[in-house]
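Below is one structure, written out as structure tokens; the observations come after it.
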Amino acid sequence: MRISEAVQRVLNNYGGERPGVKANLARLLMHGRTGGSGKLVILPVDQGFEHGPGRSFSVNPAAYDPHYHFELAIEAGLSALAAPLGLLTAGADRFAGALPLILKANNADNLSDDRDQAVTAGVRDALQLGCSAIGYTIYPGCDRQYEMFEEVREGIAEARDHGLAVVVWAYPRGRHLGKDDETALDVVAYGAQIAAQLGAHIIKVKPPSAVIAQAEARPAYEGMDLSGLATRVRHVMQAAFAGRRIVVFSGGPAKDVTALYDEIAAIRDGGGHGSIVGRNSFQRPFGEARDMLGRIIDIHLSQAGGQGP
Amino acid sequence: MRISEAVQRVLNNYGGERPGVKANLARLLMHGRTGGSGKLVILPVDQGFEHGPGRSFSVNPAAYDPHYHFELAIEAGLSALAAPLGLLTAGADRFAGALPLILKANNADNLSDDRDQAVTAGVRDALQLGCSAIGYTIYPGCDRQYEMFEEVREGIAEARDHGLAVVVWAYPRGRHLGKDDETALDVVAYGAQIAAQLGAHIIKVKPPSAVIAQAEARPAYEGMDLSGLATRVRHVMQAAFAGRRIVVFSGGPAKDVTALYDEIAAIRDGGGHGSIVGRNSFQRPFGEARDMLGRIIDIHLSQAGGQGP
Amino acid sequence: MRISEAVQRVLNNYGGERPGVKANLARLLMHGRTGGSGKLVILPVDQGFEHGPGRSFSVNPAAYDPHYHFELAIEAGLSALAAPLGLLTAGADRFAGALPLILKANNADNLSDDRDQAVTAGVRDALQLGCSAIGYTIYPGCDRQYEMFEEVREGIAEARDHGLAVVVWAYPRGRHLGKDDETALDVVAYGAQIAAQLGAHIIKVKPPSAVIAQAEARPAYEGMDLSGLATRVRHVMQAAFAGRRIVVFSGGPAKDVTALYDEIAAIRDGGGHGSIVGRNSFQRPFGEARDMLGRIIDIHLSQAGGQGP
Amino acid sequence: MRISEAVQRVLNNYGGERPGVKANLARLLMHGRTGGSGKLVILPVDQGFEHGPGRSFSVNPAAYDPHYHFELAIEAGLSALAAPLGLLTAGADRFAGALPLILKANNADNLSDDRDQAVTAGVRDALQLGCSAIGYTIYPGCDRQYEMFEEVREGIAEARDHGLAVVVWAYPRGRHLGKDDETALDVVAYGAQIAAQLGAHIIKVKPPSAVIAQAEARPAYEGMDLSGLATRVRHVMQAAFAGRRIVVFSGGPAKDVTALYDEIAAIRDGGGHGSIVGRNSFQRPFGEARDMLGRIIDIHLSQAGGQGP
Amino acid sequence: MRISEAVQRVLNNYGGERPGVKANLARLLMHGRTGGSGKLVILPVDQGFEHGPGRSFSVNPAAYDPHYHFELAIEAGLSALAAPLGLLTAGADRFAGALPLILKANNADNLSDDRDQAVTAGVRDALQLGCSAIGYTIYPGCDRQYEMFEEVREGIAEARDHGLAVVVWAYPRGRHLGKDDETALDVVAYGAQIAAQLGAHIIKVKPPSAVIAQAEARPAYEGMDLSGLATRVRHVMQAAFAGRRIVVFSGGPAKDVTALYDEIAAIRDGGGHGSIVGRNSFQRPFGEARDMLGRIIDIHLSQAGGQGP
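Chains as they are written, first to last, in the numbering used here: chain V, 1 to 309; chain P, 1001 to 1309; chain C, 2001 to 2309; chain H, 3001 to 3309; chain Y, 4001 to 4309.
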């Protein structure tokens, strides 16, 4: 297998990294229908843990079964499946080698309103499950943010030492950030920057809104036209070391698919590396989800700024 | 990517193994031109260490360069490249993700006549280099065989614990075995059995001759027609847990390619999982080697017992 | 290379320190345009983490790219680049050996008002990145100051044990200190003293104002003419073990360059060892920043008390 | 400081290595009079340990003092000083930062005829002394060769993990090798190959003679004209991964300086990366040694194949 | 207390060493009647272990009691008492703080003819006993010499890390050395060199004879007049890094006191740092031993080369 030029360009941003980490990044980037394009489309399924099973799966009860998500990711030609220890454990043997896996190694529930996450798995788990990467969530801005950074830093160091890539979900929140602030452009960009500084290879953020949340940050954005999502995505890419780190964007709140496809196109136009779409996919019937993910892949593969999907 | 049925059948023999090990076996079995067939064709390049650089590479000086072997394995569509730490280190970054790698973790030279190997690398090296497997040589029958088994056993345990597959090169030799005995059918089968008992996932042996070396073993083979290599290979497969372990065969001493192709066809007919061909390939000019390896792949992919290549 | 007499005089203050630490201090002191003079001019780039990427880099978008800062520090002939893990990781391979690096190993963001820092990297990271020093921020006076001191003390011990020099950013703040108090002469001097007591080899402080913040400290300064910055810098040097520890001063809040150059001249006249200038440099266009840093170097190299820049 | 193109080309052969290791290689390659040329000239002083102090230093008693060797290496503009723990410890503080140091971490004496070395220092010692590299001797072919390889392998792994470069002195010897065989071309090349396979960044060998020692290796060299040292050096470079690893050559047995300069020129013409000259230098009066080393540097810096020095 | 100039000159040879080690060296050098002179006279009592109690103490039964040796060392104004764990343990409480102690941490008996030593104590023992130094014996040349070097190296590293000084007893012996060779000048010098290379702060050797044992070493001593002990001691000091390491000499085989005093004077004249006299002292009645040690101290304190004691 030849690594494509597009993928090699991405890998070149990780000079000096252990070859095993680069090989795992290559595995993600060469797999599935986006394979070779430098883009990623990932299925994340941690909602059972994060939101509860009923809220997550009752609308499509087939999705209670971990195997369902492996099947969906494979059928749709995705780059990877990302999930907590238990879900991956339930399918890793049956689907061994069929697709890259990302072990989501810390998790929170919503039975309380703690803004924190428990470390629920480790590097050895990831290796035993055959994962290509390990993933951590951080909540920049929350009361326990620095403890989170320290936990994640240790996980990143150990992962790199064992040849695993690291994905960081950067979700700013906290007492000083209102609900709208969490997706404010300056805040999302800040989250991406922090993830990059901690050593993440792949950064996951929410699509940024046109809000600027921090008063001190406003002058920096003065005079910019932030009305287009593509422009805002481009700024997030700047915050991710001028695009030297892979950034993927969540699907954002549920919406009709047309709005979703427009959003994906804007992410593509802004230079984002791809999408990570959970509820918006697995809460639909299998075929519908597969087709929708296929469409998302098509959009990412189409020429940026072209006539779109 | 769907794991093919042929590969799934092979993987099913490893029930209960860590999913990461199975994922790495799947990686080897799904890669290259034999991908999906359940067969493996591997390029091993430890001869610089084992026989010396001049003897190994002077006939084709381009092969002094580690990158050459990565290129050859990729171009020929092989399943993997197997080599010691230094050779892999020299190319693992440049070719990250391009093909499965097997770290040959113990090595011997022939500047002395010790029948032993030095442990020259470990599981952490394999992970940092992005390898799918780690490999060890054992010399059943030699004076230090049990120390070797113990070293290899530790390596196997650590490898499995970190999701790596393990290849064991089983080369019986020692004071009680003459040169011809080393490839005797009973002895080769015995070596394969020991490798399987030590926990090897993939076993590498030499094509067995019709000799029966151990007097005590002779009655067991009485009345069998051992004249055909396919029959002898079939016996080695029996010794490898009735085929529950992957066995690959070396190309044996340099010979004309017709003889080599016949041998490969016999290995295929006997149920061998594939070939591991070093000197016979890289000591030829690049194009010739690539074509020869292509032919070997063709033979393994062709119907067993058919009219052959 | 001969260590210059000026540098040897500085190194002699670190008698009994591991030679590796002294070698790394020598590396910083012998590098760049100030090399050999006993002075240091350092580029610190942790603002993406500390203030957010937009506020830090939007005025000069080229600076979103980590490589930009390596290039700037090299082109301007600086002593070193100081930055968090992610930024250094993004350039350490490409610029290996080109300039001394300082790993800023704890970091804070301003998405919350915590007065604390997360430990985001360690000694092993610093060694693997090829750094000459590791850096920590302390906030003497803040609620978690003692936890910070304890974290930093552990980092210092491990760094020294591995031959790395340690830079401590001493920023007093806390419930008992108003905004103006943070740069009050007595408080800045106090911060420098605490850093020295914790074992810092290099101390970074802000230029002190003429304010005396602590009522109990006022009699100590009675009758002194604190109107000149050089005098105040001289007092900070006293607090840094009578000049036995290297002290570098930040550029302070953005100001016109004439004011900045005057400040640098006063630091020089007061016996400060150098400057550490971040936003004031990288928020300008490359050429302008390089020239400004060149001017700062010239001032530090010129005779103290001379006609200045 | 800009890394020169010649040095960058050498560093590019170490892709995927920790940036700290590359920075230390760069330090060696950018220092002294050969700095920037891609060549190295190193002073090794382990003879007090290996041959005894009287034999080593009585001809030039000033050389009993460890400081003498630091001074000689600095004055002559060499790339580095390599020595055991005690010698480096005696001067590392006084000469901190003045030149790159290589800690020779295993050592033998000649009070017995053991073909083995004691591990006399470790990575932490190297870091505390401010070394850029750690060095090990191997005796491929000796009875304890595999234990030596295993010790060295552990040292290499730990060194790389802490950002240190590794030099391996490859000296084949043993029951199966006569005195003349130890410098035979096939044997020297074999030693270089083994060092490269073990993960050495820099390999030190003796200039190879035209002897071919191993009967099995003879056919590989048939028909080659091995009468010129440059040709033989070129073959050793092939054995060092086609020149992807740095190889330096010892001065060989004492000889008149004209013969030595001719030898150095041949090493240069054959593509060797430099020289490591101990007794031949420090057994002469200081000025004479400095001038001779200067001439050696000149030869390495002059055009290969030109009219020589 | 002011450290005397003579002692400071000695301490300056240990630049870069942990200050705690230097403080312990200073403790030894400032204690007793030689305090401040740069000389040491030490009482070693390991003969009960090394030769058996009867042979060691029956001639002066009071010496069976460990307290006897503490009393003798104190009364005679010695620099330190050196002994194994048990002997020190028996008196360390009673005489806590009364004199510097050196824990002899490896020991051999003569119930067998093994040329090896058992590690019988460690750094923690030394600290708990209030010792200033820890001591190890090495047998350069013996079959297990490299294992001994490796054990001692670990002890030295740990001792330095805990601020303890290290004394190495260097006693070459082995299959290749006859009885006379063990005290041959070249061999004693070689032992001193090895101890220095291993990192010893204080080296203990036997007074060298005029024999040159190693054939290869003879040319190095050609033409030298080795008939005087002072000349030979001077050569041993060269071997100890040109006098940069403290070397003390044993009293040698029992002899009449006049011969002993002459020997001590020659050691003084040759630049030796002092004496370590066991059997020759404690096998005499207390008063006689005290007076003899007093005389030895007088000789070391008298002008070198003067009319002697």
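Glycine included, every Cβ here is placed at the ideal spot set by N, Cα and C.
Bear in mind the structure is a predicted one, so any value in this text is a computation, not a measurement.
Item, Value
"Where Ile4156 (chain Y) falls: helix, strand or coil (DSSP)", "helix"
"Chain-ordered chain C contacts of Asp3093 (chain H) [CB-CB under 7 Å]", "Pro2019 and Lys2022"
"Residues within the stretch 3101–3128 of chain H neighbouring chain Y, beta-carbon criterion of under 8 Å", "Asn3107, Ala3108, Asp3109, Asn3110, Leu3111, Ser3112, Asp3113, Asp3114, Asp3116, Gln3117, Ala3118, Val3119, Thr3120, Ala3121, Gly3122, Arg3124 and Asp3125"
"8 Å Cβ cut-off: residues of chain H touching Gly16 (chain V)", "Gly3016, Glu3017, Arg3018, Pro3019 and Lys3022"
"Euclidean distance between Cα positions of Asp1161 (chain P) and Val1021 (chain P)", "9 Å"
"Validate contact between the stretch 4092–4100 of chain Y and the stretch 4146–4161 of chain Y using beta carbons, cut 8 Å, 3 pairs", "no"
"Closest residue to Ala4283 (chain Y) among Y:Leu4028, Y:Pro4053 and Y:Pro4019 (Cα-Cα distance)", "Note that residue 4283 (chain Y) is Gln in the sequence shown, not Ala. For the residues Y:Leu4028, Y:Pro4053 and Y:Pro4019, the minimum Cα distance to Gln4283 (chain Y) belongs to Y:Pro4053."
"Spatially closest choice to Arg268 (chain V) from V:Ser281, V:Ser302 and V:Thr258, by CA coordinates", "V:Ser302"
"Contacts around Gln2193 (chain C), its chain only, beta-carbon distance under 6 Å, and the 5 residues preceding and following it disregarded", "Ala2239"
"Identity of the residue in Y:Leu4088, Y:Ala4006 and Y:Pro4061 nearest Leu4129 (chain Y) by Cα", "Y:Leu4088"
"Span separating the alpha-carbon of Met4001 (chain Y) from that of Glu3071 (chain H)", "36 Å"
"Below-7 Å beta-carbon distance, Asp65 (chain V) vs any chain C residue", "no"
"From H:Gly3274, H:Lys3204, H:Gly3287 and H:Ser3281, residue whose alpha carbon lies closest to that of Arg3033 (chain H)", "H:Gly3274"
"Those runs of the alpha helix (DSSP H) which lie wholly inside the stretch 3065–3129 of chain H and span at least 4 residues", "3066–3075, 3085–3091 and 3123–3128"
"Given Val41 (chain V) as reference, the closest of V:Glu50, V:Ile74 and V:Arg144 once Cα atoms are compared", "V:Ile74"
"Euclidean distance between Cα positions of Asn1012 (chain P) and Arg1027 (chain P)", "15 Å"
"Span of the alpha helix (DSSP H) around Thr3231 (chain H)", "Leu3229 to Ala3239"
"Residues in the stretch 193–209 of chain V having any Cβ partner in chain C nearer than 7 Å", "Gln193, Ile194, Ala196, Gln197, Leu198 and Gly199"
"Closer than 8 Å at the beta carbon, the chain H residues around His2162 (chain C)", "Arg3124, Leu3127, Gln3128 and His3162"
"Euclidean distance between Cα positions of Ile1138 (chain P) and Ser4112 (chain Y)", "39 Å"
"Proximity of Ser287 (chain V) and Val247 (chain V) at Cβ, strictly below 7 Å", "The sequence shown places Gly at residue 287 (chain V), not Ser. No, Cβ-Cβ distance for Gly287 (chain V) and Val247 (chain V) is not below 7 Å."
"Check whether Ala3213 (chain H) and Asp3186 (chain H) have beta carbons under 7 Å apart", "yes"
"Residue-level contact to chain H via CB, Met2001 (chain C), 7 Å cutoff", "yes"
"Element boundaries [beta strand (DSSP E), containing Gly1274 (chain P)]", "Gly1274 to Ile1276"
"Phe1049 (chain P): contacting residues in chain H (beta-carbon distance under 8 Å)", "Gln3193, Ile3194 and Gln3197"
"Close-in-space but distant-in-sequence residues of the same chain around Ala4090 (chain Y) (CB under 8 Å, 5 per side omitted)", "Pro4066 and His4067"
"Short CB-CB distance (under 7 Å) between Ala3076 (chain H) and chain P", "no"
"Within the stretch 2158–2239 of chain C, ranges of the beta strand (DSSP E) (whole runs, at least 3 residues)", "2165–2170 and 2202–2205"
"Outcome for Asn110 (chain V) when other beta-carbon atoms lying within 10 angstroms are tallied against a minimum of 16", "exposed"
"Beta-carbon contacts of Thr2120 (chain C) that lie in its chain and below 7 Å, excluding the five residues immediately before and after", "Pro2084, Leu2085, Ala2105, Asn2106 and Asn2107"
"Chain H within 7 Å of Arg2175 (chain C), Cβ atoms only", "no"
"Neighbouring residues, chain H, relative to Leu2011 (chain C) (Cβ below 8 Å)", "Ala3096 and Gly3097"
"Bridge partner(s) assigned by DSSP for Gly1020 (chain P)", "DSSP lists no partner for Gly1020 (chain P)."
"Between the CA atoms of Pro61 (chain V) and Val1010 (chain P) - distance to the nearest angstrom", "33 Å"
"Chain P residues whose Cβ lies nearer than 7 Å to that of Arg27 (chain V)", "Gly1097"
"Euclidean distance between Cα positions of Met3224 (chain H) and Tyr4146 (chain Y)", "42 Å"
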